[in-house]
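Residues 1 to 205 (the working numbering) make up the sequence shown, in order.
Even glycine gets a Cβ: it sits at the ideal position worked out from N, Cα and C.
What follows is a set of notes on a single structure, which appears directly below.
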Amino acid sequence: MKNLKRRIIISRKRAYHGSTVAAASLCGDSIYHEMDGLPIPDIVHIDCPYWYGEGGDLTPDEFGLKSAQSLESKIKDLGPEKVAAFIGEPIQGAGGLIVPPDTYWPEIQRICEKYGILLISDEVICGFGRTGNWFGCETYGFKPDLMPIAKGLSSGYMPIGGVMIHDKIAEVLIKKGGEFSHGYTYSGHPVACAAGIATLEIDRY
Ligand SMILES: Cc1ncc(COP(=O)(O)O)c(C=O)c1O
């Protein structure tokens, strides 16, 4: 797309989002950036809500707010008009199983709404019941605009993943040309989808 003014995605230290060029760039540890050129431009990282290791004398709730407010500072530094999205795992996995204080995600949501920034909840490890609700964002009380999903979708019986998007994003894509003109060799593979549907049927009970 041409003339995109909001290009920056804010991620976090200790994040894990995958191994393709952009996903590896979103990861928040230098071990994922060892190939030349990563992170790619327009991806920046802020602190994560690691109270156990970095909370100091603050209570978990105080630290959760402080940690979330580092998002607001970063947005102001960069210029809100340049920031497209914030991405985070509800509970950070590969970075050390970091469970956020309860105050963290509602404050992140408030900040994203204030500046019109899309909120991406990476549900690859938290989705499909792993935090006691269907999605980690429900457990932590926030409503994302996009949700990458995978693992629990088929309980690993077949490889399947996807991104769920809010209607407001789908509507923009439709207005711009009717479809999202990217795909994978195996997009919508019927066997993987059948395994996903069967898994979700069982998960309902
Ligand atoms: C939170 C999170 N996001 C994304 C990914 C990447 O998923 P994939 O390896 O299917 O690209 C992982 C992989 O473990 C993950 O833990």
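Contact with chain D by residue i, beta-carbon distance below 8 Å
i	result
His166	No chain D appears in this structure, which consists of one protein chain only.
Distance between beta carbons of residue j and residue i, contact taken as under 8 Å
i	j	result
Gly141	Pro106	5 Å
Thr131	Ile91	7 Å
Pro49	Ile98	7 Å
Leu153	Thr199	7 Å
Ile120	Lys74	With 8 Å as the limit, Ile120 and Lys74 do not qualify as a contact, their Cβ atoms being about 15 Å apart.
Gly28	Gly95	7 Å
Lys143	Gln109	7 Å
Own chain residues within Cβ distance below 6 Å of residue i, not counting five before or after
i	result
Ile111	Leu71 and Glu72
Phe135	Glu123 and Gly127
Leu118	Ala85 and Asp145
Buried/exposed call for residue i, threshold 16 Cβ in 10 Å
i	result
Ala195	buried
Ala68	buried
Tyr32	buried
Ile40	exposed
Pro100	buried
Leu4	exposed
Ala24	buried
Lys175	exposed
Gly129	exposed
Gly177	exposed
Lys168	exposed
Lys114	exposed
Tyr205	exposed
Tyr104	buried
Contacts around residue i, its chain only, beta-carbon distance under 7 Å, and the 5 residues preceding and following it disregarded
i	result
Asp102	Asp61 and Gly64
Glu125	The amino acid at residue 125 is misidentified as Glu; the sequence shows Ile. So the qualifying residues of the chain are Glu89, Gly93 and Lys151.
Leu26	Ile9, Ser11, Ala15, His17, Ile43 and Ile87
Cβ neighbours of residue i in the same chain (closer than 8 Å, five flanking residues each side left out)
i	result
Val191	Met158
Glu179	Leu173
Ile160	Ala150, Leu153, Ser154, His189, Ala192, Cys193, Ala195 and Gly196
Closer than 7 Å: residue i CB and nearest ligand 3 heavy atom
i	result
Gly93	As for ligand 3, it is missing from this structure, which binds only ligand 1.
The region 6 to 15 touching the region 79 to 88, judged by at least three CB pairs closer than 8 Å: yes
Runs of 3 residues minimum, wholly inside the region 132 to 164: which ones carry the beta strand (DSSP E) assignment? 146 to 149
Which parts of the region 37 to 105 are runs of the beta strand (DSSP E), unbroken and 3 residues or longer, counting only runs that do not cross its ends? 43 to 46 and 83 to 88
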